Every structure is written in structure tokens, then in C-alpha cells.
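Under our numbering, the sequence shown is numbered contiguously, ending at residue 986.
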Amino acid sequence: MRLGRALALSLIVVASCRASRPPAASGGAATAAPRVRSNVLRADYAGSAACASCHETIYEAWTRSPMHNMTRVPPTAQIRAPFDGRTFSFMNDTARLEMHGGTRTMTLTSSPFGDHTYEVTRVIGGHHREDFAGVEISPSTRAPIGPEVELILPVSYVYDSASLRLKGYSVMVAERTGLRAGGVWTETCVFCHNTVPYFDDTWGALYGRNAPGYQGEVVDRLLPPDRRFHFEVTDATRLASAVDDEARFVSGDVESPDDAHAALAHGIRTLRTGFGARHFVEMGIGCEACHGGSREHVADARVLPDFAPRAAFLEARAPASWGDVTRAQWINRTCARCHQVLFSRYPWTWEGGARRSADAGGSSITSGEARDFLMGGCAREMSCAACHDPHGEDRPETLAALATPAGNAVCTHCHEKLEAPSALRAHAHHDPAGAGGSCVACHMPRKNLGLGYALTRYHRIGSPTDPVRVERDRPLECALCHVDKSVGALVDQMETWWSKRYDREALRALYGDLGARPLEATLARGKPHEQGTAVAVLGEHHVKADEAAVARQLVNPIPLVRHWAAQALDQLHGTPCGIDLGRPTADIRAAANRCVPGAFAIVDAPTAPPMHAPAGPDED
């Protein structure tokens, strides 16, 4: 990309940043214009079609966007997965994708789980991959078998690799034994992949501790205490009545208890078992999934929508220490309603944290970006929309330009003192016109495992010199570029340049020896998400010396890391090894030894602390 185009992009982004930062109070209103009085109840929603006449250009772009098309029905969807009779093999099972007339089917042949044929009824996703839900049918008559329950099917199609993959292996789960359909679609993923009344998402938070489990969720319990909002109930009677109205809409004439707490428990159970596609505000992600119910705005354009949740019986409250909540914060929290994922079956997070602890760090895979951003240093002044197009599809070249010195304007809008090259050189201790002169490169490092098998940026904006990152995470973030430097050399330089002091014993506990190279030591001693990052970087930098160590990651306890290791090994080996990662671990190990003779001669297969056994469908 030419420098001029990148600079123009930066100016656009700065304009977006400025637009997200007006003076704000109570939901971020920049003027005295009235706001909708209620935007979370079913009656508050008008549907995206109501937006088209006034916002025609935005609406047209939105209808084509992957986010809007997050859930589709096959007859009208553009589907990239090849339902052309091809077969996906996994362990000793197979999945055959076929077309019968205008109907797509997936036939599973499984030794442990039996043989089943499903008609594909939903296509889910569309940015990096396609997932599917379907109803079991008779192979001979094509008629449904039993109740027409839509189940999550076990095979995904990944765009970047143009390949089929076990659906569960897009996240940090343990090895699976075969192919079987997963959870009931309406009970697992519809609240974020479609438009539903936001009120339904809040019931767990309103109930409080020990709320019955369901797919509705708000981000706050996954945030540190000083970053949590809370809902203040201002009228418990009206709250109970609103829960009763929604529960009756979902399940029929079953009256909820009058007590608000009991009504919420009853309502959650109703949503968990009774909520279906017919209860969507609309299929896919509509305008009001982000902007809130806007029926009042449609009726009177002078009444503006609001990102802050509003209802007559509750208010969303920030910690008192925050003061006025900015518009950027409300936007970010809106994004975090869905982009907040910390998968519960993988126990570890960045910053050396534990998923179920009060100080959980950031997510190491795709889908937690907005929550991670809320924990960083810029979430009050800058919104997600400063870098991402909320109404269309981000162009890869646009995002790439932000990670160059030409893209620094998105940061120097606030950090004006660093705009001059001399000031940036003094701050970064790198050439301000080189790769080390990019703000994003250092403060949002590429260390997360993306859905498309390319490292993505960690969205908890901080510094690679933060002690919590240096002393708790592997690898050192500086090693993502400086792959040849030792732990000791990098830390000594960081201390000299930025007047820091780091605990050498903590570093020895992580790496074993300060003379070790961080990436190599991470392969030997790291947690799976750290190892996944390390193999990806070694592959990108073509560090041939670590070929055997990368090959050993092909039997990592987490299959997702095996995929990254296979990709890195092909980069290092020069020719594809062609290892079938759908085979059992012993077969993969034998194939790895054939590709890289002696890879397992000295060092045993990587191990990881035990994870809890899965208790339900895959969380991806």
C-alpha cells in the first residue's frame, strides 16, 4: 500500500475516533436531543427494514456484511462450503456433504456414535468460516426423524484454507474421538448470532449469584471488579412484569411469580428450553442488535437511539470512580455483548490468569476482542469503530495499514506528544519509520490464534514492558519480532531503555534459563495458547533450527495448536508434510517422525496440566 493511501486511511480513522468522543453523560448524549426511553424490551424493536429509508447507504452495506449474515437459511444464502459429495474424514469416522435437489445434507458415519443424516437448515458465520445446524432425516425418505430439533453439526468450512475441519477444533478443546452432532442450536449460539431483545441477555446479571445457566449473558462478570457495570433495578414490580411478558411470549400462558428474583429464575429456565427462531426480533444481526430497540426513533427521528440500555425499571451504572460514561465506552460495551468470549473449558488466559478467577486476563483466541479492549488503556476515549467498520466488512489491507507508522494517527490523536518522529524514536527506541515505529505493532501484538490460521492482534492495549506480561506470559512480546534474542538480552535491554525492573526468578520459572530464546523455551515449557503463538511466529520467521521442536507440537494436547504447528512445519520444512491431523495422536506422531526424523528421539510429546472434561457441546 502506498504511503499516501495509508495516511489518508489514518485521517479517516482519526475522524472516527473524534466522532466517538463527544462530551457524554447518561448514555453518551452529546446534545440535549431526547433519547429513547426504553430500548431493551421486545416492544421497543422496529426491525432493520425500518432503518432503510433514512439510512439507505449504510443499510445496503450492512445487508451484505458478514456480521449481518451471521445466521442464514440455505435456500437464500450464498454458501461457500462444497456440498458436492466430498468426504471429510476424522479418526475412523466420515462426514459426507451432498446436494439432493436443492437440499444440502451432511451424513455422518461413526463407529462410536452411529450413522446419521442431517438436512442443513442453518448456515452460521461468514467472515472466516461457515458452521451448520441441521435436522436429522431418514436417508431413504428424506423425512425428519422424530421432533425437528436443529442440532449443531460437527464439520465447519474454513475460508482461508478452503478446507473442512472439525468444528470443535477452532477453540482450545481436548482431542475428540469421533463425529457427532452437538447441542441444540437454539440453546447454544443464537443470542449473539441473531437479534433478540437485549433484556433477555440481562436476566442472569439481574438475578445475581447462582443464576440458572442459559446462553444469555452480559460481559461484566468476566471483567475485573473495577471495570464492571451493574444494573440497578429501580422498580422490582415492573421488572417482574416485564419478565413475565417475555416469558409468556416465548412459552405461552405460563404465569411467572410476582417476586422479581423468582420471576427471573422462571424466565431463565423458559428461555433455556423454549426460545426458538420464531422468537427472534430478526434472523442474523440487525441494526438494533447494536443500536438498541429504536421504535421511538422510527416514529420520531428527533428521538435518538442510545447505546446505553434503557428501561423504566432499571438503569445501567458504571463504577462511581468513572464519572460520566463516554460514548466510546457505551459503544465498546455494546460490542462486548458478544465479543467477550473466554471459553470456559480452557482454563488459562493471558497475563498468567485463570479463566474462572477474579483476575482473569485476556482471551488468546478470536471472539474476546471487545472484552480485552475494555480492560486496556484506551477504552474510555476510543471506540472499536475507530479501527473497525461497524456497518460493513473490514478490508485486510485497511487493518494492515493501521499497523504501520503511517497508521499511528489513530493513537497520536490523543498522544500528541509522540507525533513527531524524534519523540517517537525516544519513546520506542526504534526507527520511527520502520516496523518498530508502529504503535499498534507493540501495543497490540499479534499473538492471538485467529479463526483463519493467521495470528491476530491482542486487543488489551498495553505495553510489552508491562511487568504482568513480562513475568507471567510466554513468550516475551518483544521476541515476536526479535526471535533470535535470549530472554536475558531482551529483558536487560527493556530495563535499560524504559527504566524497568523485572523479577529474574519469575523469568527463570517461566523459561528455565535466562540464556534461552523465548520462543524455543515456550515450546518446551509453555501453556498450549503460548505454544500456539510460538509455533506460528517461528514458522513466519522461518527459524529452521526449531523444526524438530515445532514438529513435536503436532501432538500437543490441544488439537488447535496442532493445526498451527502443521502450518508452521510446512513453512520450515519447505515442502508440505501432508500430515492428517484428523487421525489419533499415535498416528500423527508417527507421521511427524517420518517428516522430521528423530523429532521425538529425545524430548517426549508436549504435555499440559489437565483440563476439565467437556460436559456439553463445543463452545465455539
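Beta carbons are placed, not taken as given, at the ideal position from N, Cα and C, and that holds for glycine.
The model shown is predicted, which means the values in this text are computed figures rather than measured ones.
Listed as beta-bridge partners of Ser522 by DSSP are Arg531. Within the stretch 850-905, no run of beta strand (DSSP E) at least 3 residues long lies entirely inside it. Taking the Cα of Gly480 as reference, the smallest distance to any Cα among Val486, Ala461, Arg488 is reached at Ala461. It is roughly 8 Å from the alpha-carbon of Gly878 to the alpha-carbon of Ala887. Between His632 and the set Leu589, Cys961, Asp611, Leu904, the nearest pair of CA atoms involves Asp611. Looking at the DSSP output, His466 sits in a beta bridge with Thr469. At a Cβ-Cβ threshold of 8 Å, Arg438 and Val489 count as neighbours. By the Cβ rule, the stretch 713-730 does not count as touching the stretch 747-767, because fewer than three pairs are nearer than 8 Å.
Bounds of any alpha helix (DSSP H) do not take in Glu843, whose DSSP letter is neither H nor E.
CA-CA distance, Glu464 to Val486, rounds to 10 Å. Here Gly818 is near Asp526, since their CB atoms are less than 8 Å apart.
Glu502 and Ala934 have their C-alpha atoms some 38 Å from each other.
When only Cα atoms are considered, Ala855 and Gly802 end up about 18 Å apart.
Ile827 sits close to Cys744, with the two beta carbons spaced by under 8 Å. Nearest to Asp832 by alpha-carbon distance, out of Met860, Phe456, Gly816, is Met860. With a minimum length of 3 residues, the unbroken runs of beta strand (DSSP E) contained wholly in the stretch 543-623 fall at 596-599.
Ala682 places its beta carbon less than 8 Å from that of Phe595.
Residue Glu654 holds the alpha-carbon nearest to the alpha-carbon of Leu670 among Leu765, Glu654, Asp912, Lys910.
The residues Tyr523, in chain order, have a CB closer than 8 Å to that of Ser529 in the same chain once the five nearest residues on each side in sequence are set aside.
Just measuring C-alpha positions, the residue of Pro591, Leu589, Asp586, Asp566 sitting nearest Tyr580 is Asp566. Of the candidates Gly689, His779, His657, Gly689 places its Cα closest to the Cα of Arg593. Between Glu913 and His939 a beta carbon distance of about 7 Å is seen, short of the 8 Å cut, so the two are scored as contacting.
The residue from Asp797, Leu588, Ala677 with its alpha-carbon nearest to that of Val599 is Ala677. For Ala412 against Arg661, the beta-carbon gap comes to about 4 Å, under 8 Å, which counts as contact. Taking Asp946 as reference, the option from Thr568, Phe456, Pro591, His781 with the minimal CA-CA separation is Phe456. Runs of beta strand (DSSP E) with 3 or more residues, each lying fully within the stretch 619-685, are found at 680-683, listed in chain order. If you draw a 10 Å sphere on the C-beta of Val556, you find 16 or more other C-beta atoms in it, and that means buried. Look at Ser733 here: in three-state DSSP terms it is coil, with no helix or strand label. Note: His482 is bridge-paired with Leu474 in the DSSP secondary-structure output. Ala602 places its beta carbon less than 8 Å from that of Ala626. Assignment of Ser788 by DSSP, reduced to helix, strand and coil, places it in the helix class. Bridge partners of Asp459 according to DSSP: Phe456.
Under the three-state reduction of DSSP output, Thr507 falls in the coil class, being neither helix nor strand.
In this structure, the alpha-carbon of Gly773 lies about 6 Å from that of Ala767.
Inter-residue distance for Leu889 and Ser617 is about 52 Å (C-alpha atoms, whole angstroms). Distance between Cys656 and Trp428, taken at the CA atoms: about 12 Å.
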